[in-house]
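First the structure, in the form of structure tokens, and then the observations on it.
Residue numbers (this note's numbering): 125 to 763.
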């Protein structure tokens with residue numbers, strides 16, 4: 125959603141790329157104005173996702189093209205014919221003067237690599253899989269070792285843990301039948317093979333410890349308490365490397381293997397799904413050794429760089445993200461690339477909200493947000509539930525058709541095999557509270573997802589007004605512009621404008637606690653909101669959650685650590701990035717054919733939180749980065 129960068133191109137057929145080492149294995153309203161600081165990787169929502177909501181609800185279909193879940197590239201391309209373009213969401217202007225060129229972004233998820241930049245300003249890398257020495261010493265004293273089992277038992281337990289025999293179990297006879305020996309075996313299984321549970325059974329007068337897969341509520345139950353050294357920090361910090369998985373999906377997987385609830389984990393930001401991402405995670409009172417054992421049974425994840433600290437991580441603590449991006453099949457000359465990347469490094473790009481903010485379907489999220497702010501609840505329901513053009517899962521099409529014909533929420537709900545999606549939550553609310561209590565019914569959708577709609581409308585307004593600002597005044601500060609001093613916005617006088625640059629200028633997201641530019645573009649906010657039947661002087665909503673305080677956002681962002689190279693290659697499926705895991709395993713970097721028939725631009729840059737890497741890439745290419753456009757490019761090239 126960084127901060128969650130949009131999934132721009134679903135490569136037909138998908139990319140089957142597991143962690144190399146695992147190949148073949150089983151796989152509330154804001155009170156005060158602020159400088160906008162979204163917490164996820166590239167510009168998602170600034171509110172912390174509730175852990176329980178993350179478990180209960182599937183991602184909004186509008187948030188991520190992956191959520192559509194269509195079975196083929198052709199079906200996705202069909203749906204994208206009805207998707208949004210940049211023009212639809214106010215993304216209109218460029219700041220550079222070079223001639224643009226085309227290219228394909230995220231043809232493979234490994235073409236988009238994100239490394240978190242932590243609060244100390246250091247880029248987070250996975251470069252050490254070892255367990256800290258002090259952790260090893262403590263674990264020897266606290267936990268049983270593998271000497272409890274025979275080699276055959278170890279193999280059987282590992283196969284069971286790796287889901288090779290998910291419905292089965294492993295029985296371990298306790299020859300020396302004492303309570304102490306049984307306790308030792310129980311502890312050894314739970315420690316060395318996370319995700320397995322044990323029980324004691326008696327068969328023909330003999331005692332057996334039976335290991336089996338934890339399931340249901342028991343799998344998420346709090347772990348048994350073990351002694352924890354007072355000298356050791358309560359939180360184990362580690363680096364999570366993941367491929368083609370979003371952060372919450374990864375947290376939920378770790379939680380189930382460790383038999384813990386997701387809220388024991390903390391992190392500084394959520395990262396994109398269709399990418400390779402590296403970020404820091406902290407977990408309460410879980411040893412590094414126990415986490416390290418997960419590496420042998422996790423698919424598309426790697427855990428490492430373990431250390432103990434006294435504090436958890438907090439959303440927003442990161443300083444940004446470092447991106448390595450591959451644009452394939454570029455048409456630009458070397459001179460064009462040089463001019464484009466030099467402009468990005470020296471001037472930057474317009475800090476637009478990227479396409480991900482507005483959804484991928486024929487019903488943009490900002491339209492739903494506008495209806496919420498208008499207090500037009502029938503429109504809200506209609507936008508979310510009505511039939512829409514483009515390919516969708518068959519059961520979703522039937523659900524929408526049923527709603528359109530009968531307006532019966534229970535009948536429509538029966539068409540949904542998966543009821544945790546937004547449509548399912550809304551229909552459940554309507555069946556419980558009726559259409560006379562739509563606001564209450566709508567509240568069945570998790571709060572974070574509901575707020576996403578109104579934030580999307582704010583983002584649409586910001587994009588639109590910034591395009592007008594650039595069109596009117598270009599890349600210089602002018603009288604009437606806004607700048608921040610100590611977090612407070614001030615209007616520039618003509619004299620002050622001479623001493624400020626466009627890098628200092630901010631524009632407001634509409635709300636009840638912001639001021640607006642005093643030039644004619646600033647006055648355009650009132651006109652635009654009025655055209656949408658909204659009052660700029662009354663941005664408070666009768667439902668407190670939907671009251672908009674507003675925020676300020678910089679017009680221009682200049683990336684740091686900008687580097688690039690043009691690569692020639694022959695195989696369009698070859699990886700063009702040397703990953704952290706490949707380096708750990710001493711795998712050689714990709715070898716390129718200088719005479720290759722394809723050309724790619726591999727670029728690196730760092731961005732602060734709340735900025736979209738795709739908008740930086742857009743400035744380089746000078747082309748539409750919407751999924752609709754990129755899908756068309758991808759389909760043309762691959763076919």
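No residue lacks a Cβ here, since even glycine has one placed at the ideal position from N, Cα and C. None of the values given here were measured: they were computed from a predicted structure.
* Alpha carbon to alpha carbon, how far is residue 325 from residue 562? Give it in angstroms, no decimals. => Looking at the backbone, the Cα of residue 562 and that of residue 325 are separated by about 54 Å.
* Hey, quick one: how far does the alpha helix (DSSP H) through residue 360 stretch, first residue to last? -> First-last for residue 360: 359-367, but that is the beta strand (DSSP E), not the alpha helix (DSSP H).
* Asked: For residue 587, which option in 702, 556, 499, 481 has the closest C-alpha, if you only look at C-alpha atoms?
  -> Comparing Cα positions, the closest option is 481.
* Residues bridged to residue 403 by DSSP? -> According to DSSP, which records beta bridges pairwise, residue 403 is partnered with 364.
* To do: Give the straight-line distance between the Cα atoms of residue 208 and residue 487, rounded to the nearest whole angstrom.
  => The C-alpha of residue 487 is placed about 9 Å away from the C-alpha of residue 208.
* Compute the distance between the beta-carbons of residue 604 and residue 636, then report whether it is under 8 Å. => The Cβ atoms of residue 604 and residue 636 lie no closer than 8 Å to each other.
* **For residue 527, three-class secondary structure by DSSP** => Residue 527 falls in the helix class under three-state DSSP.
* Give, in chain order, every unbroken run of the alpha helix (DSSP H) that is at least 4 residues long and sits entirely within the region 216-254. => Complete alpha helix (DSSP H) runs here, min 4: none at all.
* Leaving out five residues on either side along the sequence, give the residues of the same chain with a beta carbon under 7 Å from the beta carbon of residue 714. => Contacts found: 698, 699, 700, 702.
* Exposed or buried, what is residue 285 when buried is set at 16 or more other beta-carbons lying within 10 Å of its beta-carbon? -> Answer is buried; the Cβ neighbour count reaches 16.
* Cα-Cα separation between residue 183 and residue 707, rounded to whole angstroms -> The predicted position of residue 183 is uncertain, since its pLDDT is 37 and thus under 50; a value taken from the coordinates is nonetheless stated next. Their backbone Cα atoms lie some 33 Å apart in a straight line.
* Close Cβ partners of residue 152 (< 7 Å) along its chain, the five nearest in sequence each way excluded -> Reliability fails at residue 152, whose pLDDT of 37 lies under 50, so the model's placement of it is uncertain and no value is given.
* Asked: Apart from the five residues on each side of it in sequence, which residues of its chain come closer than 6 Å, Cβ to Cβ, to residue 595?
  -> Excluding positions up to five away in sequence, the list is empty.
* Asked: Does the region 425-442 touch the region 389-400, meaning 3 or more C-beta pairs lie closer than 8 Å?
  -> Yes, the region 389-400 is in contact with the region 425-442.
* Considering only C-alpha positions, which residue in the set 540, 526, 530 is nearest to residue 517? -> For residue 517, the nearest C-alpha among the options comes from 540.
* To do: Could you tell me whether the Cβ atoms of residue 446 and residue 728 are closer together than 8 Å?
  => Between residue 446 and residue 728, the C-beta spacing is below 8 Å.
* In this structure, does DSSP put residue 272 in helix, strand or coil? -> Here residue 272 sits in helix by DSSP.
* To do: Check whether the Cβ atoms of residue 634 and residue 582 sit closer than 8 Å, and answer yes or no.
  => Yes; because the gap between Cβ atoms is below 8 Å, this pair is in contact.
* State the DSSP-derived secondary structure class of residue 448, mapped to helix, strand or coil. => The three-state reading of DSSP puts residue 448 in strand, counting E and B together.
* To do: Can you have a look at residue 211 and say buried or exposed, based on whether 16 or more other CB atoms are within 10 angstroms of its CB?
  => Looking at its Cβ environment, which holds fewer than 16 other Cβ atoms inside 10 Å, residue 211 is exposed.
* Between residue 281 and residue 336, what straight-line distance do the alpha-carbon atoms span, to the nearest angstrom? -> Rounded to the nearest whole angstrom, the C-alpha separation of residue 281 and residue 336 is 9 Å.
* residue 650: first and last residue of the uninterrupted alpha helix (DSSP H) it sits in -> Run containing residue 650: 644-655, per the alpha helix (DSSP H) assignment.
* Can you tell me whether DSSP reads residue 500 as helix, strand or coil? -> In the structure shown, residue 500 adopts coil according to DSSP, grouped into three states.
* With a 10 Å radius around its C-beta and 16 neighbouring C-beta atoms as the bar for buried, classify residue 609 as buried or exposed. => With fewer than 16 other Cβ atoms within 10 Å, it is exposed.
* Neighbourhood of residue 569 by C-beta, 7 Å cutoff - its chain only, sequence neighbours within 5 removed -> Same-chain partners within the cutoff: 546, 549, 550.
* Asked: With residue 412 and residue 256 assumed to form a contact (beta carbons below 8 Å), what rounded beta-carbon distance in angstroms separates them?
  -> Cβ-Cβ separation between residue 412 and residue 256: approximately 6 Å, consistent with a contact (criterion under 8 Å).
* **the region 610-619 contacting the region 652-672, beta-carbon criterion three pairs below 8 Å** => Short answer: they don't touch.
* With distances taken from CA atoms, which of 425, 240, 432 is nearest residue 354? -> Checking every option, the nearest Cα to that of residue 354 belongs to 432.
* Mind checking who residue 681 pairs with in its DSSP beta bridge? => Under the DSSP definition of a beta bridge, residue 681 partners with 473.
* **Given residue 383 as reference, the closest of 403, 618, 474, 320 once Cα atoms are compared** => It is 320.
* Asked: Rounded to a whole number of angstroms, what is the C-alpha to C-alpha distance between residue 584 and residue 590?
  -> Looking at the two C-alpha atoms, the distance is approximately 10 Å.
* Is DSSP giving residue 352 helix, strand or coil here? -> It is coil, neither helix nor strand.
* Asked: Sorted by chain position, which residues of the same chain lie with C-beta nearer than 6 Å to residue 215's C-beta, five sequence neighbours on each side aside?
  -> Same-chain partners within the cutoff: 476, 587.
* Asked: From residue 300 to residue 444, what distance separates their C-alpha atoms?
  -> Going from the Cα of residue 300 to the Cα of residue 444 covers about 57 Å.
* Asked: Count the other CB atoms within 10 Å of the CB of residue 542; is the residue buried (16 or more) or exposed (fewer)?
  -> Around the CB of residue 542, fewer than 16 other CB atoms lie within 10 Å, so the residue is classed as exposed.
* Asked: Roughly how many angstroms separate the alpha carbons of residue 576 and residue 682, rounded to a whole number?
  -> In this model, residue 576 and residue 682 are separated by some 27 Å (Cα to Cα).
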